[in-house]
Amino acid sequence: MGGLGMLTRFSEKIEELFTVKQTKYTNGRLMFTFLMIFAVVAILPMYFKYEDYAYAKYKEAYQTAQAVVRQYHSEKGEYPTTGPVQWEKEKSLQEFFSEGLTHGRLYYVDAELVPELKNFKYRYIVDIDRGTLYTSQHIAYRLKRWHMGLA
């Protein structure tokens, strides 16, 4: 008989796992829920404002780097590159380019040849077939990850 009683207790414990208990919504719990929802909604505009600020700084640096690289290319007839992109080190770029954005040859921009880029936060990559400049790190903007400045 001891085995049957243990089996009954075990099945009751299993049933308790799948039992839905209705919780009471007290005034304190309702107020806390309302405050949490309000906090999330209030933070969203601040997040979007920060995103705009961060992207504006990124775009300014990107446009400066783009102008410097284009000037170097117009003066020397070639891009200031060090070597081809090492895809095993650029996981973020692989995802970005997996959408078929480019079929060109990508090379790292050499900051030694263009001293204006030495103190920049991002490492730049140039598509030497199209002349498009990218960054190896992405920036989040408008719910997407970008490796280049938008027009």
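Each residue of the sequence shown is one higher than the one before, counting from 428 in the numbering used here. Glycine is no exception: its CB is placed at the ideal position from the N, C-alpha and C atoms.
Alpha carbon of residue i to alpha carbon of residue j, nearest angstrom
i	j	result
D556	Y480	32 Å
P511	R572	22 Å
K503	T562	22 Å
L533	Q449	59 Å
A466	E439	41 Å
E487	F445	56 Å
Host beta strand (DSSP E) of residue i (start-end)
i	result
I566	566-568
G554	What sits at residue 554 in the sequence shown is Asp, not Gly. That run of the beta strand (DSSP E) goes 551-554.
Contacts around residue i, its chain only, beta-carbon distance under 6 Å, and the 5 residues preceding and following it disregarded
i	result
A578	Confidence at A578 is low in this model, with a pLDDT of 47, below 50, so the placement of that residue is unreliable and no value is reported for it.
E522	none
Residues of its chain near residue i, where Cβ-Cβ distance is below 7 Å and the 5 sequence neighbours each way are ignored
i	result
Y452	none
F437	none
F461	none
E478	A567, Y568
L431	none
Supposed close pair residue i, residue j - CB separation, criterion 8 Å
i	j	result
V541	Y499	6 Å
Residue i beta carbon near the ligand SAH (any heavy atom closer than 6 Å)
i	result
A483	Within the structure as shown, the ligand SAH is missing, as the structure has no ligands at all.
Pair within 7 Å by beta-carbon distance, residue i and residue j
i	j	result
Y489	T509	no
V553	L560	yes
H565	S519	yes
Beta carbon proximity, residue i to chain B, threshold 7 Å
i	result
A481	Here chain B cannot be found, since the structure has a single protein chain.
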